[in-house]
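K.L.:
Residue numbers (our numbering): 169 to 595.
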């Protein structure tokens with residue numbers, strides 16, 4: 169079976185739900201603020217956000233809660249960790265008396281349903297305002313932007329990966345493969361293509377009832393995850409994750425409510441349920457059973473939101489994770505070629521050292537490699553921006569009108585208020 173998860177004014181109908189008030193006692197003092205994700209959304213999940221200015225009336229902007237950024241920060245770390253394990257760590261020729269490589273591999277598999285479903289759910293939540301804008305505004309700030317970034321970094325990846333042809337990732341080696349990977353079979357940068365496509369789908373379906381939109385998306389995810397649909401390369405990821413983007417878009421109020429009331433007990437119970445589900449899937453080989461994988465991913469989203477809320481209480485760690493969550497784009501687009509170069513350098517020597525040094529490497533390599541790659545990505549991004557190469561991370565502003573637009577206009581202008589679930593079936 170194929171690999172699973174490898175890490176803008178028209179009202180949109182939404183499923184109604186009873187808007188029962190949340191008792192004050194049910195929300196701990198240090199928990200998430202009243203608005204888990206503020207009414208003024210940030211740019212879509214991979215783009216560094218800028219603070220939204222106060223409304224023209226002079227009213228101060230609502231404070232931005234960190235739990236969603238924390239969730240994104242955790243997800244991008246897990247994406248990098250997964251790639252380190254699969255493309256570097258497990259390619260080393262280990263000769264150890266204990267199965268440490270297998271344990272790291274099992275740990276990566278354990279988190280498969282969590283990374284991208286949570287990432288896309290948060291992306292959908294942040295997409296509310298963008299989907300409600302005009303077609304031209306959404307096309308420029310979202311659809312064209314994400315596909316432009318894919319084109320730019322596809323070129324960079326193709327050039328760098330040509331230096332390490334044995335590295336285990338999809339890369340173009342001839343003109344036909346270039347055309348294919350630019351159109352129907354995206355590379356490891358598929359998240360950018362997915363966002364561009366998902367915004368088109370969200371705009372086209374914005375007037376339809378929620379069930380009319382989500383049911384086909386869920387069926388597509390079910391079919392793709394059960395390997396009933398041909399999906400070479402990373403194309404299957406586009407099929408499987410549309411549902412979670414639309415879930416975040418359509419059920420944002422319910423997700424915000426869950427974030428307000430989720431406690432440590434909820435997290436512990438949900439964690440046990442999740443471990444039971446993924447354990448059963450792995451042990452019994454249920455990955456291809458119709459509907460099982462999307463169901464486990466939904467559980468992972470619920471647990472992931474609860475976990476991010478609890479992490480928000482961890483002051484220093486939460487601040488670091490939230491900062492990463494606001495800078496996921498450079499990490500996402502740059503870590504793979506850097507990992508390819510690192511793999512080419514260390515796999516040979518690490519495969520030839522003695523058992524003692526290999527034991528140390530087997531324990532520490534993923535723990536060291538992930539923060540190293542993330543730090544290098546952010547440092548390079550800072551240097552490139554300072555040197556004026558912002559075109560690597562932003563769609564260039566070609567017209568005077570584009571140049572006059574503020575960051576809030578192009579990246580995430582103030583959103584209309586989001587009523588609680590049950591308010592006329594709309595948001």
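Ideal Cβ positions, reconstructed from N, Cα and C, are used throughout, including at glycine. Treat the numbers as computed from the prediction; the structure is a model and nothing was measured.
Taking 8 Å as the threshold (C-beta atoms), are residue 333 and residue 469 in contact?
P.N.:
no
K.L.:
In chain order, which alpha helix (DSSP H) runs of at least 4 residues are fully inside the region 489–547?
P.N.:
Whole alpha helix (DSSP H) segments, 4+ residues: 496–520.
K.L.:
Near residue 197, what residues of its chain come up, given a Cβ to Cβ distance below 6 Å and the 5 sequence neighbours on each side ignored?
P.N.:
Because the pLDDT at residue 197 is just 38, under 50, the model does not fix this residue reliably, and the value given afterwards should be weighed accordingly. The answer is none, since no qualifying residue turns up.
K.L.:
Would residue 537 pass as an interface residue toward chain D - the criterion being a Cβ-Cβ separation below 8 Å?
P.N.:
Although the question refers to chain D, the structure presented lacks it and comprises just one protein chain.
K.L.:
Please list, in chain order, all residues of the same chain as residue 521 whose beta carbon is under 8 Å from its beta carbon, the five residues on each side excluded.
P.N.:
529
K.L.:
Taking the alpha carbon of residue 409 as the reference point, which residue from 320, 393 and 301 has its own alpha carbon closest?
P.N.:
393
K.L.:
Looking at residue 388 and the ligand HEM, is the gap between the Cβ and the nearest heavy atom below 7 Å?
P.N.:
The ligand content of the structure shown is nil, which means the ligand HEM is not present either.
K.L.:
Which parts of the region 260–318 are runs of the alpha helix (DSSP H), unbroken and 4 residues or longer, counting only runs that do not cross its ends?
P.N.:
268–278, 283–294, 296–300 and 303–306
K.L.:
State the Cα-Cα distance for the pair residue 415 and residue 263, rounded to the nearest angstrom.
P.N.:
45 Å
K.L.:
Just curious, the alpha helix (DSSP H) that residue 409 is in, first and last residue?
P.N.:
403–418
K.L.:
Note down, in chain order, each residue of its chain lying with its Cβ closer than 7 Å to the Cβ of residue 261, except the 5 sequence neighbours on either side.
P.N.:
519
K.L.:
Going by beta-carbon coordinates alone, are residue 339 and residue 329 separated by less than 8 Å?
P.N.:
yes
K.L.:
For residue 321, count the other beta carbons within 10 Å of its own beta carbon; 16 or more makes it buried, fewer makes it exposed. Which is it?
P.N.:
buried
K.L.:
Count the other CB atoms, across all protein chains shown, that sit within 10 Å of the CB of residue 366; report buried if there are 16 or more and exposed otherwise.
P.N.:
buried
K.L.:
Please determine if the region 468–488 and the region 233–244 are in contact, where contact requires at least 3 C-beta pairs separated by less than 8 Å.
P.N.:
yes
K.L.:
Once the 5 residues before and after residue 552 are set aside, which same chain residues still bring their CB inside 7 Å of it?
P.N.:
Same-chain partners within the cutoff: 560.
K.L.:
Keeping to the same chain, check which residues put their C-beta closer than 6 Å to that of residue 310; ignore five residues upstream and five downstream.
P.N.:
298 and 367
K.L.:
Grouping DSSP H, G and I as helix and E and B as strand, with all else coil, what is residue 468?
P.N.:
helix
K.L.:
Taking just the CA atoms, how far does residue 247 sit from residue 355?
P.N.:
15 Å
K.L.:
Where in the region 331–379 do unbroken runs of the alpha helix (DSSP H), each at least 4 residues long, occur, reported from the N-terminal end onward?
P.N.:
343–351 and 358–372
K.L.:
Counting along the chain, where does the alpha helix (DSSP H) carrying residue 433 start and finish?
P.N.:
432–452
K.L.:
Rounded to whole angstroms, what is the Cα-Cα separation between residue 491 and residue 424?
P.N.:
Taking the straight line from one Cα to the other gives about 20 Å.
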